[in-house]
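**Student:** Quick note, the sequence shown lines up with residues 36 to 606 if you use the working numbering.
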Amino acid sequence: MRHALNGFKNLPFKYKILLSYIVVILIPVLSLGLYSFQQSKGFLEKQERRSLTTSAEKIADHLAYKISLFNNITNFIVYNTRLQQLFNNNYKDKVSLTADLKTILEPTVTNIQFINQGIKEVTFYSKRGMPEYGTLVLDYARIGNELWAVETEGNYVPKWISQNGELFIARKFIDIYSDKELGIVSIALDYDQIFKETLFMNAQEYGVVIVDDSKRLIYSNRSSEDADEALASDRFMKVEQRIANSGWTLQCYVPYDFILKESGQILGATIVVCLACILFLLLIIWVFSNTLVKRILHLNVKMKQVEIGQLAMEVSSDASDEIGQLTNRFGKMLKTINYLIEDVYQSKLVQKEAELRALQAQIRPHFLYNSLNIINWRAIMNNDTETSSIATRLSEFYRTTLNKGDNIISIKDELLNMKAYIDIQLIMHEYNFDVHYELDEGIYAFDMLNLILQPIVENAIEHGIDCKTEGRGELVIRGIMNEEQIQFVIADNGPGMDKERVNRLLNEQSSGYGLKNVNERLQLYFGDTFSMMIESELNEGTVCRINIPKYCREHNSGFEAVIIHERERAQ
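#1: Quick check on L54: does DSSP put it in helix, strand or coil?
#2: Which residues does DSSP pair with L474 in a beta bridge?
#3: Under 8 Å: do the segment 264-279 and the segment 77-97 share three or more Cβ pairs, one atom per stretch?
#4: Counting along the chain, where does the beta strand (DSSP E) carrying L549 start and finish?
#5: Between which residues of its own chain and K447 is the CB-CB distance below 6 Å, once the five residues before and five after are set aside?
#6: Quick check: what's the CA-CA separation for Q460 versus E519?
#7: Could you check if A265 is buried or exposed, using at least 16 other CB atoms within 10 Å of its CB as the buried criterion?
#8: Rounding to the nearest angstrom, what Cα-Cα distance links M338 and L557 in this structure?
#9: Between the beta-carbon of C587 and the beta-carbon of I525, is there less than 7 Å?
#10: Is N123 helix, strand or coil by DSSP?
#11: Span of the alpha helix (DSSP H) holding N582?
#12: Could you check if D469 is buried or exposed, using at least 16 other CB atoms within 10 Å of its CB as the buried criterion?
#13: Which whole-angstrom value is the C-beta distance of L484 and I521, which I expect to be below 8 Å?
#14: By the DSSP assignment, the alpha helix (DSSP H) with P142 in it spans what residues?
#15: Pop quiz: N123 and D210 are said to be a contact at Cβ under 8 Å. What is the actual Cβ separation, rounded to whole angstroms?
#16: With contact counted as at least three CB pairs below 8 Å, one residue from each stretch, are the segment 215-232 and the segment 126-140 in contact?
#17: If you draw a straight line from the alpha carbon of S103 to that of L171, how long is it in whole angstroms?
#18: Within 10 angstroms of its Cβ, does R206 collect 16 or more other Cβ (buried), or is it exposed?
#19: May I ask which residues mark the beginning and end of the beta strand (DSSP E) holding Y160?
#20: Do D482 and S445 have their beta-carbon atoms positioned less than 7 Å apart in this structure?
#21: Residue range of the alpha helix (DSSP H) that S259 falls in?
#22: Taking S423 and N408 to be in contact with their CB atoms under 8 Å, please state how far apart those CB atoms are, rounded to whole angstroms.
#23: Counting Cβ pairs closer than 8 Å, one from the segment 327-344 and one from the segment 70-78, do we hit at least three?
#24: Who are L285's beta bridge partners in DSSP?
#25: As an exercise, report each continuous beta strand (DSSP E) stretch of at least 3 residues that is fully enclosed by the segment 56-134, in chain order.
#26: Straight-line CA distance for S571 to V379?
#27: Ignoring anything shorter than 4 residues or poking outside the segment 401-443, list the alpha helix (DSSP H) runs there in chain order.
#28: Given that a residue counts as buried once 16 or more other Cβ atoms are within 10 Å of its Cβ, and exposed if not, what is M348?
#29: Mind the definition here: the segment 352-369 touches the segment 321-330 only if three or more C-beta pairs lie below 8 Å; say whether that holds.
#30: Short of 8 Å in beta carbon distance, which residues of its chain neighbour R84, apart from the five on each side in sequence? Order them along the chain.
#31: With distance defined between alpha-carbon atoms, name the residue in T187, W183, E357, N190 nearest to Q198.
#32: Quick one, which of I515, K162, A176, E156 has its alpha-carbon nearest G169's?
#33: Relative to the alpha-carbon of V243, which residue among A262, K250, R428 has its alpha-carbon at the smallest distance?
#34: So G153 and I229 are supposed to be a Cβ contact under 8 Å. How far apart are they, rounded?
#35: Leaving out five residues on either side along the sequence, give the residues of the same chain with a beta carbon under 6 Å from the beta carbon of L136.
#36: Roughly how many angstroms separate the alpha carbons of I515 and M463, rounded to a whole number?
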């Protein structure tokens, strides 16, 4: 996943746009196509269910009609007066019985079978002890304890029975006048003519199962195993329909795969339409992305020219969109860069002038050292220790100040320069203030710009201690080493200053070297991060802080490298 993201990040912007729009297009188009297919599939399922229901209703109605027809035939038989008389008569001889059976029963049954082709056989199971007559009349004892006989005995309506692949109707035969039981009438029916003819007309392509109220199988146009599997599976669409006048339930089913075959054509058409839409939209996106990216590529060419140093060019756009704004802002930035380059050049000139002034201050240093040395020796010869001390401190002060014309000085010598100045001030002030040094030992191993600390101390004495009206003056010098920087803190307990006077000290040029020059040198070499910070409040004293980068001449290739590094960090 991470490699894929990194690969996407490194793609040209044009291809990022193309990929983004492709994703944005594919999701709705494919979603719409899928939705359309699902809707079409749902419509086909509804249509198929409606067709299946219609077929089930037709089958049920046709079977109900046939069942009603055969039920009426049983009515005709059991309520036929001549048959009632036949089975109620107590025949004394078989001749009369046989004659009536031939003249009454046989013609009646023959006519019924002739008119109704679905009747295979009619049988009367007699309880009156009538002699058996072929298959037309049988003794009731032949039924035995058959379940259908028991169920028929308890009802006056026809009972439809399917048993061992045979279909027949059984009905109780009673005397309509005395309600005396005469037996049971059974009509055997042609199984295929009843069911297959009906199904052939209405549901050849469907599976059909007919069961009774006890869930016993009456009919199935498939094998019983296939029917059981279909009715128990969710892979089939199923419809149930009650068959009137029979106590049967019709169940029609069809596999969903059959429906999906019809939806395949819709799926193919949906895919073709979706692909056509995608290709058309991709063409539009290609044209649009080329138009959009063209201006970005043009801006990128300009940036590459700037990268190799071709800064003298005009970059602008007359468009007001984001790309136009970006182009115009880059043009303004390029102008600012050119201005800053000129500003840096001017700053270098200022630096050179400052170095020239420092060089001028080195004129005839040996004459100054020799003069101070003579004063020192004559003071020693006259036992004037104070004059000797002043001469020695002045010699140390000017030695470290001039520093052989080098801008870089060890922190140790910079502190000696500051201390020589403080010692001279102590003598001049008759030791009326105290000085405390809190210096980390590690700072002595590093170097710094010269003539930084002494002007700050001079300001602390002149504007702090000398202006103090009550109590003894106190000057604290701290040198603190951090991980990457060294911080110097010069604090006095003078009367303090308001913010306006602090700003004047940092911005106004004094007659001497001054804090303004110190702050400008720090910023010139190291950037704004290393500017001087003054904290002061009236009657609370003043604290001055400066930070400098760690630098050691013996372990670095050059001070310029440190300057460049720190200025880049400051920016």
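Glycine included, every Cβ here is placed at the ideal spot set by N, Cα and C.
**Tutor:** This is what the structure holds:
#1: Against the sequence shown, residue 54 aligns to sequence position 19. Helix, per DSSP.
#2: Position 439 of the sequence shown holds residue 474. L474 is bridged to G514.
#3: yes
#4: Counting from 1 along the sequence shown, the entry for residue 549 is found at position 514. Looking at the sequence provided, one finds Gly at residue 549 rather than Leu. Premise fails: G549 lies in the alpha helix (DSSP H), 549-561, not in any beta strand (DSSP E).
#5: As a first step, residue 447 must be located in the sequence shown, where it is residue number 412. Hits under 6 Å: Y479.
#6: Here residue 460 refers to the residue found at position 425 of the sequence shown. Here residue 519 refers to the residue found at position 484 of the sequence shown. Their Cα atoms are separated by approximately 33 Å.
#7: Indexing the sequence shown from 1 puts residue 265 at position 230. Per the 10 Å Cβ criterion, buried.
#8: Counted from its first residue, the sequence shown places residue 338 at position 303. Counted from its first residue, the sequence shown places residue 557 at position 522. Going by the C-alpha atoms only, they are around 33 Å apart.
#9: In the sequence shown, residue 587 corresponds to position 552, counting from 1. In the sequence shown, residue 525 corresponds to position 490, counting from 1. Cβ atoms of C587 and I525: not closer than 7 Å.
#10: Here residue 123 corresponds to residue number 88 of the sequence shown, with the count starting at 1. Here N123 sits in helix by DSSP.
#11: For this step, residue 582 is matched to residue 547 along the sequence shown. N582 -> not in any alpha helix (DSSP H); beta strand (DSSP E) instead, spanning 577-584.
#12: Looking up residue 469 in the sequence shown gives position 434. D469 comes out exposed.
#13: For the purposes of this step, residue 484 is taken as the residue at position 449 of the sequence shown. For the purposes of this step, residue 521 is taken as the residue at position 486 of the sequence shown. About 12 Å; that fails the 8 Å criterion.
#14: Position 107 of the sequence shown, counted from the start, is the residue given in the question as residue 142. Run containing P142: 141-150, per the alpha helix (DSSP H) assignment.
#15: Along the sequence shown, one-based indexing puts residue 123 at 88. Along the sequence shown, one-based indexing puts residue 210 at 175. Correct: roughly 6 Å between the Cβ atoms.
#16: no
#17: As a working mapping, residue 103 is identified with position 68 in the sequence shown. As a working mapping, residue 171 is identified with position 136 in the sequence shown. Those two C-alpha atoms are separated by around 23 Å.
#18: The residue you call residue 206 lines up with position 171 of the sequence shown. Its Cβ being crowded by 16 or more others within 10 Å, R206 is buried.
#19: The residue given as residue 160 occupies position 125 in the sequence shown. Where Y160 is concerned, the enclosing beta strand (DSSP E) stretches over 154-161.
#20: Residue 445 sits at position 410 when you count from the first residue of the sequence shown. Residue 482 sits at position 447 when you count from the first residue of the sequence shown. Taking 7 Å as the Cβ cut-off, S445 and D482 qualify as a contacting pair.
#21: Walking along the sequence shown from the start, residue 259 turns up at place 224. Element bounds for S259: 259-267.
#22: Here the question's residue 423 lines up with position 388 in the sequence shown. Here the question's residue 408 lines up with position 373 in the sequence shown. No, S423 and N408 are not in contact; Cβ-Cβ is about 11 Å, not under 8 Å.
#23: no
#24: Residue numbering aside, residue 285 sits at position 250 when the sequence shown is read from its first letter. For L285, which the question treats as bridged, DSSP gives the partners I245, Q276.
#25: none
#26: Within the sequence shown, residue 571 is the residue found at index 536, counting from 1. Within the sequence shown, residue 379 is the residue found at index 344, counting from 1. Their backbone Cα atoms lie some 32 Å apart in a straight line.
#27: 420-437
#28: In the sequence shown, the residue the question calls residue 348 occupies position 313. Per the 10 Å Cβ criterion, exposed.
#29: yes
#30: By one-based count along the sequence shown, residue 84 stands at place 49. Same-chain partners within the cutoff: M272, V274.
#31: Reading the sequence shown from its first residue, position 163 is the one you call residue 198. That would be W183, whose Cα lies nearest to the Cα of Q198.
#32: To locate residue 169, count along the sequence shown from 1; it is residue 134. That would be E156, whose Cα lies nearest to the Cα of G169.
#33: What you label residue 243 is simply residue 208 of the sequence shown in a count that begins at 1. Minimum Cα distance to V243 is reached at A262.
#34: Here residue 153 corresponds to residue number 118 of the sequence shown, with the count starting at 1. Here residue 229 corresponds to residue number 194 of the sequence shown, with the count starting at 1. Yes, G153 and I229 are in contact; Cβ-Cβ is about 6 Å, under 8 Å.
#35: In the sequence shown, residue 136 corresponds to position 101, counting from 1. Cβ neighbours of L136 beyond the five flanking positions: Y168.
#36: Within the sequence shown, numbered from 1, the residue matching residue 515 stands at position 480. Within the sequence shown, numbered from 1, the residue matching residue 463 stands at position 428. Rounded to whole angstroms, I515 to M463 spans 29 Å at the Cα level.
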